[in-house]
Amino acid sequence: MSNEPCFIDLAHIHNSIFLIFRRMGEISLNTRYLSTNRGIIKILQIVAGFIICSLLCAQWYGGRSCFGEGRLGFCSGLNFVCVVINIVLFVLNFLNIGAWGLERIYSVVCTVLFLIASALIIWFIIEYNTSRSTLIASAALIVCQFFLFLWDVKILQGEASN
Numbered sequence: 003m004s005n006e007p008c009f010i011d012l013a014h015i016h017n018s019i020f021l022i023f024r025r026m027g028e029i030s031l032n033t034r035y036l037s038t039n040r041g042i043i044k045i046l047q048i049v050a051g052f053i054i055c056s057l058l059c060a061q062w063y064g065g066r067s068c069f070g071e072g073r074l075g076f077c078s079g080l081n082f083v084c085v086v087i088n089i090v091l092f093v094l095n096f097l098n099i100g101a102w103g104l105e106r107i108y109s110v111v112c113t114v115l116f117l118i119a120s121a122l123i124i125w126f127i128i129e130y131n132t133s134r135s136t137l138i139a140s141a142a143l144i145v146c147q148f149f150l151f152l153w154d155v156k157i158l159q160g161e162a163s164n
């Protein structure tokens with residue numbers, strides 16, 4: 003343990019606060035975001051997420067419908083968390099606050115997780131030989147979510163145009 007006193011560098015704090023307020027001054031509505039591929043993808047992800055939530059939680063019996071069985075619970079939980087994060091990211095991008103690094107990691111992780119969720123819900127449908135249209139529609143939309151996140155990853159990595 004050092005006996006040297008800890009001094010707060012006021013110049014460093016001043017510069018940090020200045021940069022934060024300067025960055026906040028750059029916040030503006032980015033209406034062009036709505037017409038880019040990434041903006042359209044984010045809107046589609048949010049809409050599909052709400053539809054998946056309503057389909058998987060159609061018969062709410064104390065939470066058993068959404069989170070009762072492990073495979074359906076994984077799909078429901080993943081979808082719910084991603085809808086909330088997608089709304090936050092949509093607002094941040096609409097306000098011209100870019101977090102490209104964070105979004106790239108988020109999109110890669112969600113791509114893998116939605117691929118797993120697709121396999122789990124298809125496995126559930128096959129195992130129980132269910133022909134419930136809500137589960138089949140949910141499975142189709144979860145596969146669509148996988149492809150939307152994959153497309154977003156391609157754009158963020160520069161492999162597809164925005």
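The sequence shown begins at 3 in the working numbering and counts up one residue at a time.
We put the CB at the ideal spot given by N, CA and C, even for glycine.
Since the structure is predicted, the reported quantities are computational estimates derived from the model, not experimental observations.
Practice task
Using beta-carbon positions only, say whether Lys44 and Phe82 come within less than 8 Å of one another.
Solution key: Within the sequence shown, residue 44 is the residue found at index 42, counting from 1. Within the sequence shown, residue 82 is the residue found at index 80, counting from 1. Between Lys44 and Phe82, the C-beta spacing is not below 8 Å.
Handout entry: At least three beta-carbon pairs within less than 8 Å, the stretch 148-156 to the stretch 102-113
Key = Output reads yes: the stretch 102-113 touches the stretch 148-156.
Problem - Backbone CA spacing between Asn131 and Leu74 [nearest angstrom] - result: For the purposes of this step, residue 131 is taken as the residue at position 129 of the sequence shown. For the purposes of this step, residue 74 is taken as the residue at position 72 of the sequence shown. Near 15 Å, if we compare the C-alpha coordinates of Leu74 and Asn131.
Practice task
Pick helix, strand or coil for Thr136, following the three-state DSSP scheme.
Solution key: Here residue 136 is taken as the residue at index 134 of the sequence shown, counted from 1. Three-state DSSP puts Thr136 in a helix.
Practice task
In the DSSP assignment, find the unbroken alpha helix (DSSP H) run with Glu161 in it and report its ends.
Solution key: Counting from one through the sequence shown, the residue named residue 161 turns up at place 159. Per DSSP, Glu161 belongs to no alpha helix (DSSP H) and is neither H nor E.
Exercise for the section: Enumerate, from N- to C-terminal direction, the unbroken alpha helix (DSSP H) stretches of 4 or more residues contained entirely within the stretch 53-107. Expected result: 66-69 and 72-96
Problem - Touching by the beta-carbon criterion (3+ pairs, under 8 Å), the stretch 119-135 and the stretch 86-101 - result: no
Exercise for the section: Kindly indicate which residue of Gly103, Ser30, Thr38 and Phe116 has the alpha-carbon position closest to the one of Leu143. Expected result: Translated into positions along the sequence shown, residue 143 becomes position 141. Here the closest residue by C-alpha is Phe116.
Exercise for the section: Taking only the alpha-carbon atoms, compute the straight-line gap between Ala50 and Asn95 and give it to the nearest angstrom. Expected result: Taking the sequence shown and counting its residues from 1, one reaches residue 50 at position 48. Taking the sequence shown and counting its residues from 1, one reaches residue 95 at position 93. Between Ala50 and Asn95, the C-alpha separation is close to 19 Å.
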